[in-house]
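Only one structure is covered here, and it is reproduced in the block below.
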Amino acid sequence: MPKNCALCLQERELKNSHIMPQSMYRAAGRAGEPFESDLIHVDHMRGTAVRTSKQLKQKLLCESCEDKFSRIGEDYFARICFQGAGTFELRGELHGLTPDEISSGRKMWLESSAESVLNTSAIKYFVVSILWRHSICSLSGHASHYKGMLGKKYEEQFRLYLVEEMNFPENVQILSYVDDNAERASMISHPTCEKCSISGVSVKTHSFSVPGVRFRVLVGGGVERLKREINSDLIFYQWSSAQTEYAKDIATKLYRIKPKGRFQKEAEQILPKASGLKDSN
Numbered sequence: 001m002p003k004n005c006a007l008c009l010q011e012r013e014l015k016n017s018h019i020m021p022q023s024m025y026r027a028a029g030r031a032g033e034p035f036e037s038d039l040i041h042v043d044h045m046r047g048t049a050v051r052t053s054k055q056l057k058q059k060l061l062c063e064s065c066e067d068k069f070s071r072i073g074e075d076y077f078a079r080i081c082f083q084g085a086g087t088f089e090l091r092g093e094l095h096g097l098t099p100d101e102i103s104s105g106r107k108m109w110l111e112s113s114a115e116s117v118l119n120t121s122a123i124k125y126f127v128v129s130i131l132w133r134h135s136i137c138s139l140s141g142h143a144s145h146y147k148g149m150l151g152k153k154y155e156e157q158f159r160l161y162l163v164e165e166m167n168f169p170e171n172v173q174i175l176s177y178v179d180d181n182a183e184r185a186s187m188i189s190h191p192t193c194e195k196c197s198i199s200g201v202s203v204k205t206h207s208f209s210v211p212g213v214r215f216r217v218l219v220g221g222g223v224e225r226l227k228r229e230i231n232s233d234l235i236f237y238q239w240s241s242a243q244t245e246y247a248k249d250i251a252t253k254l255y256r257i258k259p260k261g262r263f264q265k266e267a268e269q270i271l272p273k274a275s276g277l278k279d280s281n
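Note that UniProt numbering gives residue 78 to position 78 of the sequence shown, counting from 1, and the numbers run on in steps of one.
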């Protein structure tokens, strides 16, 4: 029975839409050594880890809007994210550019520089689509804690941007941490949200990971002030997941979980490498 598509709002037959794009699951599977199509699903709420082919889906979008997501953002990003075996086009293209700034040995590239070698519009579209679909979906379980986290105002702004009825939202800035350690720690994590202060400005930070990149998306009225300091909708940072508090946090969580099913036998070898993991948080 036709229902209203969550994106275009038209009454259409709905597809069983991936909340996290299928291409990201495939990329995470390729990133592991050896290749494994079934990922390790770490559920911190239950304290368990199991190897599974399960992927989050919901009847959410019509076929036309599914195609729009793929055509404008997902297909491109799937080509440039970490693919395993040293293939990481996004990182390679950035490293071939002169950075806009080097601070504490870490390179930074603004969108105005990166757009000479990357389709930055597609990257922004991809990131916004991930947050939007997680915020409006009604799935239960480990991803349900993010439901509604964008708030009605930004859910609608994001929707209008995704249907190409408005420009990129002014009070949003995407920080992209491109992993120098991707060969050893490639994972997917569903979005989380927290309030934080950056340069004395209070904003909400929406974070998630895909193979090779950790995204932090700043949302809120304070972002306008931050953009006065760095006038860019999208910023790339050189980063290593092995040398941050993020790595320590992931390691702590992994040591607390209990492997289950067929994953029990391989856990001792795989868990310390944190390779091909799908993180619930």
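Glycine included, every Cβ here is placed at the ideal spot set by N, Cα and C.
- Can you tell me the Cα-Cα spacing of residue 79 and residue 231, whole angstroms? Between the alpha carbons of residue 79 and residue 231 lies a gap of roughly 27 Å.
- Helix, strand or coil for residue 3, going by three-state DSSP, please let me know. Residue 3: strand per DSSP, three-state reduction.
- Looking at the structure shown, is residue 270 part of a helix, part of a strand, or coil, going by DSSP? At residue 270, the pLDDT of 49 sits below 50, so the modelled position is not reliable; the number obtained from the coordinates is stated separately. Per DSSP, reduced to three states, the secondary structure at residue 270 is helical.
- Task: Assign residue 62 to one of three DSSP states: helix, strand, or coil.
- Result: Strand at residue 62.
- Let me know if residue 136 comes out buried or exposed under the rule of 16 or more other beta-carbons within 10 Å of its beta-carbon. By the 10 Å Cβ count, residue 136 comes out buried.
- Distance, Cα to Cα, residue 195 vs residue 116? CA-CA distance, residue 195 to residue 116, rounds to 33 Å.
- Message: Helix, strand or coil for residue 149? Go by DSSP, reduced to three states.
- Response: Residue 149 falls in the coil class under three-state DSSP.
- Item | Where residue 179 sits in the DSSP three-state scheme | Residue 179 falls in the strand class under three-state DSSP.
- Can you tell which of 15, 85 and 125 has the C-alpha that lies nearest to the C-alpha of residue 173? Checking every option, the nearest Cα to that of residue 173 belongs to 125.
- residue 120 by DSSP, collapsed to three states: which one? It is helical.
- So residue 219 packs on residue 206, CB below 8 Å; how close in whole Å? Contact holds; Cβ gap of about 6 Å.
- Query: Under 8 Å between the Cβ atoms of residue 182 and residue 69?
  - Reply: Remark: C-beta atoms of residue 182 and residue 69 do not approach each other more closely than 8 Å.
- Item | Residue span of the beta strand (DSSP E) that contains residue 194, given as start and end | Annotation: the continuous beta strand (DSSP E) that includes residue 194 extends over 187-198.
- Extent of the continuous beta strand (DSSP E) to which residue 238 belongs: Its beta strand (DSSP E) spans residues 234-239.
- Task: Determine, using beta carbons only, whether residue 88 and residue 212 come nearer to each other than 8 Å.
- Result: Yes, they are a contact pair.
- For residue 102, which three-state DSSP category applies? Assigned with DSSP and collapsed to three states, residue 102 falls in strand.
- Reference residue 176; option with closest CA among 95, 7, 234 and 98: Ranked by Cα distance from residue 176, the first of 95, 7, 234 and 98 is 234.
- Message: I need the straight-line Cα distance from residue 103 to residue 97, nearest angstrom please.
- Response: Each residue's Cα considered, the two are about 16 Å apart.
- Anticipated Cβ contact below 8 Å, residue 221 with residue 167, distance rounded: That belief does not hold up - the Cβ atoms of residue 221 and residue 167 are roughly 17 Å apart, past 8 Å.
- Backbone secondary structure at residue 84 - three-state DSSP: Correct three-state label for residue 84: strand.
- Would DSSP call residue 55 helix, strand or coil? Under the three-state reduction of DSSP output, residue 55 falls in the coil class, being neither helix nor strand.
- Task: Pull up the distance between the alpha-carbon of residue 84 and that of residue 25, whole angstroms please.
- Result: When rounded, the separation of the alpha-carbon atoms in residue 84 and residue 25 is 13 Å.
- Query: Cα separation between residue 5 and residue 101?
  - Reply: Approximately 43 Å, taken between the alpha carbons.
- If you run the structure through DSSP and keep just helix, strand and coil, what is residue 282? The requested residue 282 is not part of the displayed model; the chain covers only 1 to 281.
- Item | When 197, 162 and 238 are compared against residue 74, the one with the closest alpha-carbon | Of the candidates 197, 162 and 238, 162 places its Cα closest to the Cα of residue 74.
- Would you give the residue range spanned by the beta strand (DSSP E) that residue 210 belongs to? Looking at the DSSP string, the run of the beta strand (DSSP E) that includes residue 210 is 201-210.
- Check whether residue 132 and residue 106 have beta carbons under 8 Å apart: Judged by beta-carbon spacing, residue 106 lies beyond the 8 Å limit of residue 132, meaning their Cβ atoms are not closer than that value.
- Item | Residue closest to residue 191, alpha-carbon to alpha-carbon, out of 65, 228, 169 and 145 | When 65, 228, 169 and 145 are compared, the shortest CA-CA separation from residue 191 is found for 145.
- Quick one: measure Cβ to Cβ for residue 15 and residue 63, integer angstroms, because I've assumed they're closer than 8 Å. Taking the Cβ atoms as the reference, residue 15 lies roughly 6 Å from residue 63, within the contact range of under 8 Å.
- Item | Whole-angstrom distance between residue 239 and residue 270, CA atom to CA atom | No answer about residue 270 holds up, because its pLDDT of 49 lies below 50 and its placement is not dependable.
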